[in-house]
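A.B. asks:
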Amino acid sequence: MPTIRNTVAVLKGDGIGIDVTDATLAVIEAVRKRVTGFKLDFKFYEAGAGYFSETGNDIADGAEKEVGDADAMFLGAIGLPSVRHNDGTEISPHLRIREIYQLYAGVRPVKAYRNAPQRLAAPQAKLIDLVILRESTEGLFYSAAVHNRPTILTNDEAQDVLRITRSTTEKLIDFAFQLAIKRKERGGKGIVTCVDKANVFRSMAFFRQIFDERASHFPHIAKHYNYVDAQALDLIRKPWDADVLVMENMFGDILSDLAGGLVGGMGMASCAEIGDQHGLFQPAHGSAPDIMGQDKANPLAAILSGGLMLNYLGERSQCTALDDAGMLIEAAVDKGFAEGRIRPMEFGGDMGTKAVSNEIISIITEQ
Ligand code: ATP
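Under the numbering used here, the first residue of the sequence shown is numbered 8, with each subsequent residue one higher.
1. Tell me the rounded alpha-carbon separation between Ser324 and Leu317.
2. In three-state terms, what does DSSP make of Gly355?
3. Whole angstroms are fine: how far does the CA of Ala183 sit from the CA of Gly195?
4. Taking the C-alpha atoms as reference points, what is the distance between Asp203 and Val27?
5. Using a Cβ-based criterion (distance less than 7 Å to any ligand heavy atom), does Gly86 qualify as near ligand 1?
6. So, using beta-carbon positions, are Glu145 and Arg170 closer together than 8 Å?
7. Quick check: Phe59 and Ile25, are their CB atoms within less than 8 Å of each other?
8. If you drop the 5 nearest sequence neighbours on each side, which residues of the same chain put their C-beta closer than 6 Å to that of Ala309?
9. Just the Cα atoms here: how many angstroms apart are Glu142 and Pro157?
10. Does at least one heavy atom of ligand 1 sit under 7 Å from the Cβ of Val270?
11. Answer yes if the stretch 351–358 comes into contact with the stretch 69–89, meaning at least three C-beta pairs across the two stretches below 8 Å, and no otherwise.
12. Thinking C-beta only, is Lys40 closer than 8 Å to Thr10?
13. Taking 7 Å as the limit between beta carbons, can you name the residues of its chain near Asp357, skipping five residues before and five after?
14. Any heavy atom of ligand 1 inside 7 Å of the beta-carbon of Ala295?
15. Reducing DSSP to helix, strand and coil, say where Gln216 ends up.
16. Quick check on DSSP: helix, strand or coil for Gly333?
17. Round the Cβ separation of Leu147 and Glu280 to the nearest angstrom and send it over; I've been treating them as touching at under 8 Å.
18. Sorted by chain position, which residues of the same chain lie with C-beta nearer than 8 Å to Leu179's C-beta, five sequence neighbours on each side aside?
19. If you compare alpha carbons, which of Phe81, Ser263, Ile367, Gly20 is closest to Leu287?
20. Taking 7 Å as the cut-off, is the beta-carbon of Pro124 closer than that to any non-hydrogen atom of ligand 1?
21. Would you tell me roughly how many angstroms separate the C-alpha atoms of Thr14 and Ile159, rounded to the nearest one?
22. Pick out whichever of Gly282, Ala332, Asp29, Val17 has its Cα sitting closest to the Cα of Gly300.
23. So Leu315 and Gly333 are in contact, right, with Cβ under 8 Å, and what is the actual spacing, rounded?
24. I'd like to confirm the pairing. Which residues does DSSP put opposite Cys201 in its beta bridges?
25. Return yes when the Cβ of Ala56 is within less than 8 Å of the Cβ of Leu102, no when it is not.
26. How big is the Cα-Cα spacing for Met257 and Asp264?
27. Throw me the rounded Cβ distance for the Ala132 and Ala119 pair, which I believe falls under 8 Å.
28. Given that a residue counts as buried once 16 or more other Cβ atoms are within 10 Å of its Cβ, and exposed if not, what is Glu337?
29. Hey, would you say the C-beta of Asn256 is under 7 Å away from at least one heavy atom of ligand 1?
30. Give the DSSP bridge partners of Ala165, in chain order.
31. Beta-carbon separation of Ala339 and Ile370 under 8 Å?
32. For Arg115, count neighbouring C-beta atoms within 10 Å of its own C-beta (all shown protein chains included) and say buried if the count is 16 or more, exposed if not.
33. Mark Val34 as exposed unless 16 or more other C-beta atoms lie within 10 angstroms of its C-beta, in which case mark it buried.
34. Determine whether the beta carbon atoms of Gly274 and Ala249 lie at a separation below 8 Å.
35. Going by C-alpha distance, which of Glu366, Gln284, Gly321 is nearest Tyr108?
Here it is, written out as structure tokens:
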């Protein structure tokens with residue numbers, strides 16, 4: 008089998024971002040030893056609040072362009088509450104990267120692993136396996152401060168813009184259905200739910216109209232609808248019924264944190280941000296300054312994001328070895344919880360960042 012070679016741009020960032028990235032790279036190295044047929048070249052870039060306080064720049068010179076030349080990007084976490092621009096906004100070069108490379112599909116898997124601690128008492132909680140698909144370039148974040156777009160702001164009034172475009176929404180909805188097809192092939196439910204507020208906002212009715220248009224191209228996947236408020240309730244009442252939930256940016260921002268909480272916490276929240284030509288992988292959590300430098304962070308969100316990156320590279324380069332390697336990471340996390348071998352401090356367990364990643368590496372090595 009020929010060896011496929013891919014490059015990965017790595018931005019460790021700030022706080023626990025550095026520790027969880029190191030943990031992920033160690034796990035990826037372990038799967039690389041187990042699965043032949045691929046090689047990864049990592050290139051590291053300085054970025055973040057720490058770098059900004061040292062240099063006055065939030066990302067290394069030229070890095071914004073260079074990271075886009077890699078086959079994938081991996082990010083730890085960026086931002087520290089103590090470091091801000093003069094106008095009080097956060098240091099966020101990653102939001103520019105998301106914008107430059109139009110990473111519109113924010114994929115946030117939420118899965119209850121066997122025997123992992125559950126937040127919901129209902130026995131069906133162990134069946135939770137869903138994905139929040141968050142549009143990530145427009146919606147209500149279109150006028151996010153970092154983009155510097157004109158909004159109405161006077162002494163008496165402030166208005167932000169919620170933008171839904173046909174081109175991005177069509178691509179997002181297609182992505183949702185294709186994801187549901189892939190999940191169905193692996194035992195998933197084969198349902199895409201359009202989460203919106205189409206009964207109140209014209210922009211959301213437009214979103215739903217495009218959902219309907221595109222859904223007709225995927226007859227083997229069921230289409231459902233839910234208003235965002237009802238979806239919030241259902242995520243607590245019966246999250247085990249959900250499969251792929253597709254929604255506008257701000258709704259996705261909120262519901263993905265809620266959903267992450269259902270299966271543990273932010274330390275389990277993996278994330279892929281995908282555009283037409285680029286993919287960025289990162290844990291959905293921030294730099295968690297309250298626990299940084301203490302070896303307390305749960306690295307699983309980052310490690311699982313690393314797995315998603317290998318699946319993405321596998322699909323992109325038509326390399327089954329890479330896809331197998333991604334699945335090996337997911338299987339190791341599943342086995343680790345099932346056998347009580349992973350006990351992150353985040354859930355009151357006795358294992359810090361290094362202990363968790365070392366255990367995952369042991370499981371991969373013995374598989
Ligand atoms: P951001 O706005 O960048 O997402 P934030 O401060 O809102 O940052 P996080 O940094 O994600 O949010 O932290 C939220 C809470 O979750 C904190 O109490 C933090 O300690 C906890 N947390 C986040 N990530 C992890 C992790 N990997 N392991 C354990 N706890 C975590």
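Glycine included, each C-beta is placed from N, C-alpha and C at the ideal position.
C.D. replies: If we stick to the structure as given:
1. For Ser324 and Leu317, the gap between their C-alpha atoms comes out near 10 Å.
2. Three-state result, Gly355: coil.
3. Taking the straight line from one Cα to the other gives about 13 Å.
4. Whole-angstrom Cα-Cα distance: 34 Å.
5. True, at least one ligand heavy atom lies under 7 Å from that Cβ.
6. Yes, these two residues count as a Cβ contact at 8 Å.
7. Contact flag unset, no.
8. Cβ within range, chain order: Val27, Thr31, Pro290.
9. C-alpha of Glu142 to C-alpha of Pro157: approximately 21 Å in a straight line.
10. Checking the Cβ of Val270 against ligand 1 gives no.
11. In the pairwise beta carbon analysis, the stretch 69–89 is classified as not touching the stretch 351–358: fewer than three pairs are separated by under 8 Å.
12. Cβ distance not < 8 Å, so Thr10 and Lys40 don't count as in contact.
13. Once the five neighbours on either side are set aside, the close Cβ partners of Asp357 are Arg350.
14. Ala295 Cβ: within cutoff of ligand 1.
15. The three-state reading of DSSP puts Gln216 in helix, counting H, G and I together.
16. It is helical.
17. No, Leu147 and Glu280 are not in contact; Cβ-Cβ is about 17 Å, not under 8 Å.
18. Answer for Leu179: Tyr111, Ala112, Leu140, Glu142, Val253, listed in chain order.
19. Of the candidates Phe81, Ser263, Ile367, Gly20, the one whose C-alpha sits nearest the C-alpha of Leu287 is Phe81.
20. No, Cβ of Pro124 sits at least 7 Å from all heavy atoms of ligand 1.
21. Taking the straight line joining both Cα atoms gives about 43 Å.
22. If we check each option's Cα against that of Gly300, Asp29 comes out closest.
23. With a Cβ gap of about 7 Å, Leu315 and Gly333 count as contacting.
24. According to DSSP, which records beta bridges pairwise, Cys201 is partnered with Tyr232, Val253.
25. In this structure, Ala56 does not lie closer than 8 Å to Leu102 by Cβ.
26. Their Cα atoms are separated by approximately 11 Å.
27. Correct: roughly 6 Å between the Cβ atoms.
28. Buried.
29. Checking the Cβ of Asn256 against ligand 1 gives no.
30. Residue pairing by DSSP places Ala165 opposite Leu160 in a beta bridge.
31. Yes, they are a contact pair.
32. That one is buried.
33. With 16 or more other Cβ atoms within 10 Å, it is buried.
34. In this structure, Ala249 does not lie closer than 8 Å to Gly274 by Cβ.
35. Comparing Cα-Cα distances from Tyr108 to each of Glu366, Gln284, Gly321, the minimum goes to Gln284.
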